[in-house]
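Trainee: Take this structure first; my questions come after.
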Amino acid sequence: MVSTIILGVGIGVLAQPQLAVRFMTVDSKKSLNRAVFAGGPFILMMAGVAYIVGALSNVYFLDTQGQLALDVAGGNMDRIIPEYINSATPDLFVAIFMVTLLAAAMSTLSSQYHTMGTAIGHDFYKEFLKGGKSGKTISVTRLGIAVTIILSVILAYMLPISIIARGTAIFFGLCAAAFLPAYAGALFWPRMTREGAIASLLAGTFSSLFWLAFVHAKEAAPLGISQAIFGMETLLTGTWTVVDPILVATPIAAITAVVVSLATKPMPEEHLDRCYRGYIKR
């Protein structure tokens, strides 16, 4: 739980693409400062409360029903908190809780769909296929958003139980490995280069996917890729099979960013002065 949910959510939340896109729309530094003041404590309280309530639900259900939380939820990890809320709180609180939950879900989904649609319409279509020419970027972006919404609905009906918690851990861990070293380097290390950021993104992504497919037992065994290629469920044995990819892929991505940046040509002085406003010593 520590390496998957706690580390995944606690660290991966810093590197989610849809949140980065939101920060890009902020109109002033003053707004950013206000957001940090409000958002920092909010994330701390929300994550801390969720972890504590999830763990203490075992104590509550053992005391009231004589069962552990997972047994009360019928083996479905995703139903533990809903069962606890329905059982331990009054109906009015349940209604308010559901409204806030839906508001948070709608906010997150809208930013994620916007980010995915922009990636398809701008990054892939305009920049990669059209070489910077606009073409039908808006139409392609709208189509991309529609396709991702449809795929999300299909996955919601196809995926098995207990997938929400595990899927969240995978997504947040992948975000941390792919984006966090590049974000941190770009913000705080003037020696970071474009090549270093790209290499870090690729190293973090592929090392995380490799660990999921060939080492981490919860994913490697059901996928069967390692079994089909090497004749064994996981390439490593023992405690390695329960080590989450975030603990392996994120350090690999960070090391790659540093090594490649130091081995490539630094950014122009004028560019660094514009980005860092001269207050970071080089």
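Count along the sequence shown starting at 1, add 9, and that's the number in the working numbering. Just so it is clear, CB atoms sit at the ideal spot from N, CA and C, and this is done for glycine as well. Keep in mind the model is a prediction, meaning the values are calculated, not measured.
By Cβ distance, which residues of its chain are closer than 6 Å to Gly126, with the 5 residues on each side in sequence left out?
Mentor: In the sequence shown, residue 126 corresponds to position 117, counting from 1. Closer than 6 Å at Cβ, skipping near neighbours: Thr150, Gly153 and Ile154.
Trainee: Taking Cβ to Cβ, would you say Gly213 is nearer than 9 Å to Phe181?
Mentor: Translated into the one-based positions of the sequence shown, residue 213 becomes position 204. Translated into the one-based positions of the sequence shown, residue 181 becomes position 172. No, they are not a contact pair.
Trainee: Taking the alpha-carbon of Thr202 as reference, which of Met55, Leu271, Ile105 and Glu136 has the nearest alpha-carbon?
Mentor: Taking the first residue of the sequence shown as position 1, residue 202 is located at position 193. Comparing Cα positions, the closest option is Leu271.
Trainee: Would you call the segment 213 to 231 in contact with the segment 243 to 261, where contact means no fewer than 3 C-beta pairs closer than 8 Å?
Mentor: The answer is yes - the segment 243 to 261 touches the segment 213 to 231, with three or more Cβ pairs under 8 Å.
Trainee: Spatial neighbours of Asn85 within its chain, please: CB distance less than 6 Å, with the 5 preceding and 5 following residues excluded, ordered by chain position.
Mentor: Along the sequence shown, read from residue 1 onward, the residue named residue 85 stands at position 76. For Asn85, where only same-chain residues beyond five positions count, the Cβ hits under 6 Å are Ile170 and Ser171.
Trainee: Return the CA-CA distance between Tyr288 and Thr34, expressed in angstroms with no decimal places.
Mentor: For the purposes of this step, residue 288 is identified with residue 279 of the sequence shown, where counting begins at 1. For the purposes of this step, residue 34 is identified with residue 25 of the sequence shown, where counting begins at 1. Only weak support exists for where Tyr288 lies, its pLDDT of 49 falling under 50; the value from the coordinates is given anyway. Their backbone Cα atoms lie some 24 Å apart in a straight line.
Trainee: Could you give the uninterrupted runs of the alpha helix (DSSP H) lying entirely in the segment 235 to 284, keeping only those of 4 residues or more?
Mentor: Listed in chain order, the complete alpha helix (DSSP H) runs (minimum 4 residues) inside the segment 235 to 284 are 255 to 272.
Trainee: Are the Cβ atoms of Leu41 and Phe32 separated by less than 9 Å?
Mentor: Walking along the sequence shown from the start, residue 41 turns up at place 32. Walking along the sequence shown from the start, residue 32 turns up at place 23. The answer is yes: Cβ separation under 9 Å.
Trainee: Would Thr146 pass as a contact of His123 if the rule is Cβ separation under 9 Å?
Mentor: The count along the sequence shown starts at 1 and reaches residue 146 at position 137. The count along the sequence shown starts at 1 and reaches residue 123 at position 114. No, Cβ-Cβ distance for Thr146 and His123 is not below 9 Å.
Trainee: Leu168 by DSSP, collapsed to three states: which one?
Mentor: Here the question's residue 168 lines up with position 159 in the sequence shown. If DSSP states are grouped into helix, strand and coil, Leu168 belongs with coil.
Trainee: Which residues mark the beginning and the end of the alpha helix (DSSP H) in which Ile90 is found?
Mentor: By one-based count along the sequence shown, residue 90 stands at place 81. First-last of the alpha helix (DSSP H) with Ile90: Ile89 to Ala97.
Trainee: So, with DSSP's three-state summary, where would you put Trp220?
Mentor: Counted from its first residue, the sequence shown places residue 220 at position 211. Here Trp220 sits in helix by DSSP.
Trainee: Determine the extent of the alpha helix (DSSP H) in which Ile129 is found, giving its start and end residues.
Mentor: Taking the sequence shown and counting its residues from 1, one reaches residue 129 at position 120. Premise fails: Ile129 is in no alpha helix (DSSP H) and is neither H nor E.
Trainee: Could you check whether the Cβ of Ser235 sits closer than 9 Å to any Cβ belonging to chain D?
Mentor: Of the protein chains in this structure there is only one, and it is not chain D.
Trainee: Whose C-alpha, out of Tyr192, His225, Val224 and Arg200, is nearest the C-alpha of Leu210?
Mentor: The count along the sequence shown starts at 1 and reaches residue 210 at position 201. With distances taken between Cα atoms, Leu210 lies closest to Tyr192.
Trainee: When DSSP labels each residue in this structure, what does Gln25 get in the three-state scheme?
Mentor: Numbered from 1 along the sequence shown, position 16 holds the residue referred to as residue 25. Three-state result, Gln25: coil.
Trainee: Considering only residues of the same chain and omitting the five flanking positions on each side of Ala82, which have a CB-CB separation below 6 Å?
Mentor: Taking the first residue of the sequence shown as position 1, residue 82 is located at position 73. Excluding sequence neighbours, Ala82 sits near Arg88, Ile89 and Glu92.
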